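Below: one structure, written as structure tokens.
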């Protein structure tokens, strides 16, 4: 089944999500769309942490700037910003679990309206029920604010904001907001609240590609970039 | 009560104990007579660890060589040997608990024949039943070989190698050998074995100032320095 | 983010009565004495000083002043008393402990180190072999009898261990040789000791640095404490002091 | 003590079949590839590779060779499979895992980091919030169903935690930028990652260093791994490799 609606390109999801990052924040960006968020923080006084063991990670490195001893947690060559610090992996995860990250952004396979999400194993695609946990569960455990950035539906057009999670959980009850190509959804104690929609789409359009029952925000607006 | 027998001076107890240290050993020396052992390891390929956070601790520093940022765990200014490394306190105690020290030497208030010892609190002298634990219990927990160096009797002539420990325990069942001014005693599953005596003294002399019942080694000999 | 404060007074200004403050230093080495002096000046009361190995013996003048001002409620340490019982008898702090006016809670040094480290690393509790065979395995060791709460033990693979808990503090005072504006810190020789673990244990970590440098001036592979752990940085003069605790 | 070996072959000579070896590296960074190549040459069988974050994806050629030689019994990792399921389908290692010929035991990365760290520090077990709300809290996550042993959980202050255990290994292979004859090591940038914790986890720790220097040539305040943890040091050429794991 093809995608029902055309929405934001991945880079623009990242731009929208980047608006939630404030001066002074320490931020960890997961693999996928979250990594693209780093393109949108220029001018902000933000420190990127990479769980491989550094703070003040700089932009991607190319050509002669590539140093095989300097990669981010997505295995991409990166550069140094002034004030960069390197540290051991246990220190890196100490600060992650210890709550020192102000904002954590992750991709997901499925999220539900209670703030649970699944992102580390896709038994259907992999042919087994284990996969790559990586640092995702540690990042969730220590998260102050946990944001999910992802496409609103899977490659077959099926919902990723679901009523019930069917893939192996990464964490439960920790997600604060979801940023997709079609919408911005906030997880509240009452349920998932639709806060912003892609220009031209109605709440009904969004609900039609969403598994979880959405609450429509009284001040619902278009996604502003 | 004065001391019944005259034995080795403290420096010579340290010398005898130092004979147990072999090339390649990592060694931690406690406060008191153990610290003096460091005077007798020249020429040996031995690494001294100080729990304050260094390996390859050098000899004491004097005059212009004193650096207030470079002290050993007894708060004495020391010097650096080639290959010295500094580390954090949790790393220091990680290697101590983790069993990386080949030899640990400690002073004691009381030791018994089962390898228990007391060294951190003297309620009689202090007027309370708490005192300074310092790193002593960690050193015992991680010890491969735990040696006690001390005077054979207390300042009043009372035994320190006792039948029953009356001061607060530092550890139980961990002591391997005891080096005093009068004797060398090995703790074995059968009990404390008198291995060496100060020249001129008999096993009966040693027993007369010892609380624990001593087993006399078949190859009993004089303390050799 | 620029975390530099212009004075130690400003850096400690909002510390409230009743706060728990981590105080690093191993006897005379690496003690945040200038911050302690600011705390005396400010007169904050009812303090718990969470130490590692006798930093207040290294900062004896500051300790005596804090005791005389009745600012201290409790001290946590592995080595809080003078080695000499005779000297201790004349020490105002030890007198207050003996009179139960100040609580002294005692742990093995390595257990304390780990209690601070795990506090910063999101780990609530751990098992350690240290203290087994002593009163440390039975209850919290303190001069205040009512606070001697029992401890748990557990056997793994035939060996007994004690369950110990994370020790998070409201503040941590840190003494570093060098720091940059982001709060990245470098310590010197054995003055490092408890500073890095306590920097992670404090909810608010305040670092006094002998040398303040611009960000980018510290060799990134040689940073001892990453700035993420440090909320306030203040430059202080290097203080000379006697190296003795006897 | 001089711990230098003259060749990697000599450094790995006594590794026996069935050994568990810690392999640091975070994808392509800091992987001890020359030691891995010596292990392939030696042909040691029945190995357990205790990893942290996909070092064998960074050393893909070595992994494929080890799988083809049937040298691997088990891999412990947080990220042991290619990101792309399509690529994974063609990967001999993943095929062996899917066929249950090789066991793959999976932990969260920070849990693994701590398992190695506490192993070297004499701590048998610790509680962590990581994995709560997932299968990680329920049992050991592995493709071999019979080995899915249950895990304990416990609530502290109203929050749930998982009990995890130390992971001590027979050997640790370490990749360092610089080392001296005593085994003091310095890592470079993000090639540090799991190397320091694994250096403490190995009963025998073997370090390949790109630059061997005399004792005293490393700045003592910048030593990352103290020589006490390292039993063997061997100088190796710097290996260049592709930085990709997709």
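Protein chains in written order, with the numbering used here: chain Z, 10 to 234; chain B, 10 to 234; chain R, 6 to 251; chain P, 6 to 251.
No residue lacks a Cβ here, since even glycine has one placed at the ideal position from N, Cα and C.
Here the structure is a predicted model, which means the values were calculated and not measured.
According to DSSP, residues forming a beta bridge with residue i
{"i": "residue 130 (chain R)", "result": "R:170"}
{"i": "residue 99 (chain P)", "result": "According to DSSP, which records beta bridges pairwise, residue 99 (chain P) is partnered with nothing at all."}
{"i": "residue 183 (chain R)", "result": "R:191 and R:216"}
{"i": "residue 25 (chain R)", "result": "R:53"}
{"i": "residue 237 (chain P)", "result": "P:211"}
{"i": "residue 146 (chain Z)", "result": "Its beta-bridge partners do not exist; DSSP assigns none."}
{"i": "residue 82 (chain R)", "result": "R:111"}
{"i": "residue 72 (chain R)", "result": "DSSP lists no partner for residue 72 (chain R)."}
{"i": "residue 176 (chain R)", "result": "R:26 and R:209"}
{"i": "residue 37 (chain B)", "result": "B:58 and B:113"}
{"i": "residue 197 (chain B)", "result": "B:200"}
Host beta strand (DSSP E) of residue i (start-end)
{"i": "residue 131 (chain B)", "result": "Where residue 131 (chain B) is concerned, there is no enclosing beta strand (DSSP E), given that its DSSP letter is neither H nor E."}
{"i": "residue 205 (chain Z)", "result": "200-206"}
{"i": "residue 124 (chain B)", "result": "From DSSP, residue 124 (chain B) is part of no beta strand (DSSP E); its letter is neither H nor E."}
{"i": "residue 92 (chain B)", "result": "87-95"}
{"i": "residue 98 (chain B)", "result": "Premise fails: residue 98 (chain B) lies in the alpha helix (DSSP H), 98-106, not in any beta strand (DSSP E)."}
{"i": "residue 154 (chain Z)", "result": "154-158"}
{"i": "residue 79 (chain Z)", "result": "Unbroken run through residue 79 (chain Z): none, as it is neither H nor E."}
{"i": "residue 15 (chain Z)", "result": "Note, residue 15 (chain Z): premise wrong, no beta strand (DSSP E); not H, not E."}
{"i": "residue 59 (chain Z)", "result": "56-59"}
{"i": "residue 46 (chain P)", "result": "Per DSSP, residue 46 (chain P) belongs to no beta strand (DSSP E); it is in the alpha helix (DSSP H), 38-47."}
Under 8 Å from the C-beta of residue i: neighbouring residues of chain B
{"i": "residue 231 (chain P)", "result": "64, 94, 96, 100 and 104"}
{"i": "residue 6 (chain P)", "result": "32, 33, 54 and 56"}
Nearest-angstrom Cα separation, counted from residue j out to residue i
{"i": "residue 218 (chain R)", "j": "residue 184 (chain R)", "result": "6 Å"}
{"i": "residue 69 (chain Z)", "j": "residue 61 (chain R)", "result": "48 Å"}
{"i": "residue 84 (chain P)", "j": "residue 134 (chain B)", "result": "58 Å"}
{"i": "residue 147 (chain R)", "j": "residue 56 (chain R)", "result": "14 Å"}
{"i": "residue 189 (chain P)", "j": "residue 90 (chain B)", "result": "13 Å"}
{"i": "residue 49 (chain R)", "j": "residue 186 (chain P)", "result": "51 Å"}
{"i": "residue 213 (chain R)", "j": "residue 80 (chain B)", "result": "20 Å"}
{"i": "residue 136 (chain P)", "j": "residue 72 (chain B)", "result": "56 Å"}
{"i": "residue 225 (chain P)", "j": "residue 27 (chain P)", "result": "26 Å"}
{"i": "residue 223 (chain R)", "j": "residue 152 (chain R)", "result": "45 Å"}
{"i": "residue 175 (chain R)", "j": "residue 209 (chain R)", "result": "6 Å"}
The alpha helix (DSSP H) enclosing residue i, as first and last residue numbers
{"i": "residue 208 (chain R)", "result": "Where residue 208 (chain R) is concerned, there is no enclosing alpha helix (DSSP H), although the beta strand (DSSP E) it sits in stretches over 207-218."}
{"i": "residue 64 (chain Z)", "result": "Taken as a continuous stretch (DSSP letters only), residue 64 (chain Z) belongs to no alpha helix (DSSP H), being part of the beta strand (DSSP E) at 63-69."}
{"i": "residue 228 (chain Z)", "result": "That residue, residue 228 (chain Z), is in no alpha helix (DSSP H); its beta strand (DSSP E) goes 224-231."}
{"i": "residue 42 (chain B)", "result": "42-46"}
{"i": "residue 189 (chain Z)", "result": "No alpha helix (DSSP H) holds residue 189 (chain Z); DSSP gives it neither H nor E."}
{"i": "residue 19 (chain B)", "result": "19-27"}
Chain-ordered chain P contacts of residue i [CB-CB under 9 Å]
{"i": "residue 127 (chain R)", "result": "115, 133, 134 and 135"}
{"i": "residue 130 (chain R)", "result": "131, 132, 159, 161 and 166"}
Proximal chain R residues relative to residue i, where beta-carbon distance stays under 8 Å
{"i": "residue 178 (chain B)", "result": "138, 139 and 140"}
{"i": "residue 227 (chain P)", "result": "224, 226 and 227"}
{"i": "residue 86 (chain B)", "result": "248"}
{"i": "residue 195 (chain B)", "result": "The contacting residues do not exist; residue 195 (chain B) stays about 20 Å from chain R at best."}
Within chain B, partners of residue i - CB distance below 9 Å
{"i": "residue 57 (chain R)", "result": "98"}
{"i": "residue 10 (chain R)", "result": "Those do not exist, as residue 10 (chain R) stays about 24 Å from chain B at its closest Cβ, beyond 9 Å."}
{"i": "residue 153 (chain R)", "result": "Ordered by position in chain B, no residue passes the 9 Å Cβ test against residue 153 (chain R), which lies about 10 Å from the chain."}
Contacts that residue i makes with chain P (C-beta to C-beta distance below 8 Å)
{"i": "residue 246 (chain R)", "result": "In chain order: nothing, as chain P lies at least about 21 Å away."}
Beta-carbon neighbours of residue i, restricted to chain Z and to distances below 7 Å
{"i": "residue 220 (chain R)", "result": "91 and 92"}
{"i": "residue 122 (chain P)", "result": "99"}
Chain Z contact residues for residue i, given Cβ-Cβ distances below 8 Å
{"i": "residue 74 (chain P)", "result": "In chain order: nothing, as chain Z lies at least about 23 Å away."}
{"i": "residue 234 (chain R)", "result": "104 and 109"}
Contact set between residue i and chain Z, taken where Cβ atoms lie within less than 9 Å
{"i": "residue 103 (chain P)", "result": "135, 136 and 137"}
Proximal chain P residues relative to residue i, where beta-carbon distance stays under 7 Å
{"i": "residue 216 (chain Z)", "result": "By Cβ distance, chain P contributes nothing, its closest Cβ being about 26 Å from residue 216 (chain Z), past 7 Å."}
Under 7 Å by beta carbon: chain B residues contacting residue i
{"i": "residue 214 (chain R)", "result": "In chain order: nothing, as chain B lies at least about 14 Å away."}
Per-residue contacts from residue i into chain R (C-beta, under 7 Å)
{"i": "residue 79 (chain B)", "result": "194 and 195"}
Legend entry - Proximal residues, the segment 133-145 of chain B versus chain R, C-beta separation under 7 Å: Going along the segment 133-145 of chain B in chain order, one finds 134, 135, 136, 137, 139, 140, 141, 142, 143 and 144 with a Cβ nearer than 7 Å to chain R.
Legend entry - Near-chain Z residues of the segment 13-32 of chain R - C-beta to any C-beta below 7 Å: Correct list: empty, as no residue qualifies.
Legend entry - Cβ-based contacts, 9 Å cut-off: residues of the segment 151-183 of chain Z near chain P: Residues 151, 177, 178, 179, 180, 181, 182 and 183.
Legend entry - Proximal residues, the segment 157-186 of chain P versus chain R, C-beta separation under 7 Å: Going along the segment 157-186 of chain P in chain order, one finds 161 and 166 with a Cβ nearer than 7 Å to chain R.
Legend entry - Contacting positions in the segment 183-209 of chain P - beta carbon closer than 7 Å to chain B: If the cut-off is 7 Å between Cβ atoms, the segment 183-209 of chain P has 185, 187, 189 and 205 near chain B.
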